[in-house]
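Trainee: Numbering (my numbering), first residue to last: 16 to 221. Note that CB positions come from ideal geometry on N, CA and C, so glycine has one too. Would you mind keeping the following structure in view while I ask a few things?
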């Protein structure tokens with residue numbers, strides 16, 4: 016003889032939730048937190064690649080200094096730009112802060128410009144361009160700039176998906192009534208790589 020279970024309010028609520036979960040998923044209930052985590056993960060990779068670049072700079076500066084010590088102004092500008100770039104860090108939790116993001120972006124752009132000027136100076140020193148240590152650093156910097164470009168591109172796309180989910184149906188309903196603390200994330204406002212990325216491929220030039 017089957018045992019009849021009491022149909023209590025708690026059991027009724029549980030059954031409603033079980034039945035509603037597939038509908039919630041189909042209506043994009045999980046889209047906002049999913050896109051948010053993807054954007055944060057993409058930002059972490061951006062930070063990793065910028066840090067990789069920062070880690071290369073001290074050796075690069077020392078190598079150039081050994082051949083072009085009198086280029087003090089250019090060398091110092093790189094050192095100072097690196098210091099500013101590493102001081103301003105934007106954690107994934109700060110991606111909705113426009114001021115913090117703007118400061119981070121500006122400092123990284125200044126470092127990019129300083130590196131461009133330094134590498135332009137290197138053109139005047141054939142012995143430095145042929146130095147094995149410099150060539151290794153050049154290759155690492157070139158690879159890092161490529162990784163930065165890819166990481167930025169992936170972050171831009173991840174933020175586009177997240178920010179769009181906060182403004183479009185049906186996910187806008189969940190943003191207004193459930194994920195009420197969700198805010199648009201900041202994005203890059205300049206295409207740094209196309210504007211002033213360091214030129215690191217010297218080819219066979221003098």
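Which residue comes first and which comes last in the alpha helix (DSSP H) that contains residue 107?
Mentor: That residue, residue 107, is in no alpha helix (DSSP H); it is neither H nor E in DSSP.
Trainee: Classify residue 97 as buried or exposed, calling it buried when 16 or more other Cβ atoms lie within 10 Å of its own Cβ.
Mentor: buried
Trainee: Quick check: what's the CA-CA separation for residue 60 versus residue 107?
Mentor: Between the alpha carbons of residue 60 and residue 107 lies a gap of roughly 11 Å.
Trainee: Between residue 111 and residue 201, which are expected to be in contact by the criterion C-beta below 8 Å, what is the C-beta distance as a whole number of angstroms?
Mentor: 7 Å
Trainee: Can you round the beta-carbon distance between residue 8 and residue 129 to whole angstroms, since I take them to be within the 8 Å contact cut?
Mentor: Because residue 8 is not part of the residues shown, which for the chain are 16 to 221, the question remains open.
Trainee: If you compare alpha carbons, which of 69, 48, 81 is closest to residue 140?
Mentor: 81
Trainee: For residue 36, which residues from the same chain have a beta carbon less than 6 Å from its beta carbon, with the 5 sequence-adjacent residues on both sides left out?
Mentor: Confidence at residue 36 is low in this model, with a pLDDT of 44, below 50, so its placement is unreliable and the value that follows should be read with caution. For residue 36, where only same-chain residues beyond five positions count, there are no Cβ hits under 6 Å.
Trainee: Let me know the secondary structure DSSP gives residue 199 once reduced to three states.
Mentor: coil
Trainee: First and last residue of the alpha helix (DSSP H) that includes residue 83?
Mentor: Unbroken run through residue 83: none, as it is neither H nor E.
Trainee: Just to confirm my understanding: we take residue 126, look at its own chain, exclude 5 residues before and 5 after, and list those with CB closer than 7 Å. What are they?
Mentor: 96, 97, 100
Trainee: Taking only the alpha-carbon atoms, compute the straight-line gap between residue 145 and residue 167 and give it to the nearest angstrom.
Mentor: 32 Å
Trainee: Per DSSP, what kind of secondary structure is residue 77 in: helix, strand or coil?
Mentor: helix
Trainee: Could you pull the start and end residues of the alpha helix (DSSP H) that residue 128 belongs to?
Mentor: From DSSP, the alpha helix (DSSP H) with residue 128 extends over 113-137.
Trainee: Ordered along the chain, which non-local residues of its own chain (more than five positions away) have a Cβ less than 6 Å from that of residue 217?
Mentor: At residue 217 the pLDDT is 37, less than 50, meaning the model places this residue with poor confidence and gives no usable figure here.
Trainee: Indicate whether residue 50 and residue 190 have their beta-carbon atoms separated by less than 9 Å.
Mentor: Not closer than 9 Å, so no.
Trainee: With H, G and I counted as helix, E and B as strand and the rest as coil, what does DSSP make of residue 58?
Mentor: helix
Trainee: Can you give the Cα-Cα distance for residue 64 and residue 114, rounded to whole angstroms?
Mentor: Note on geometry: alpha-carbon atoms of residue 64 and residue 114 lie some 22 Å from one another.
Trainee: Along the chain, where does the alpha helix (DSSP H) containing residue 178 start, and where does it finish?
Mentor: 147-180
Trainee: With H, G and I counted as helix, E and B as strand and the rest as coil, what does DSSP make of residue 45?
Mentor: coil
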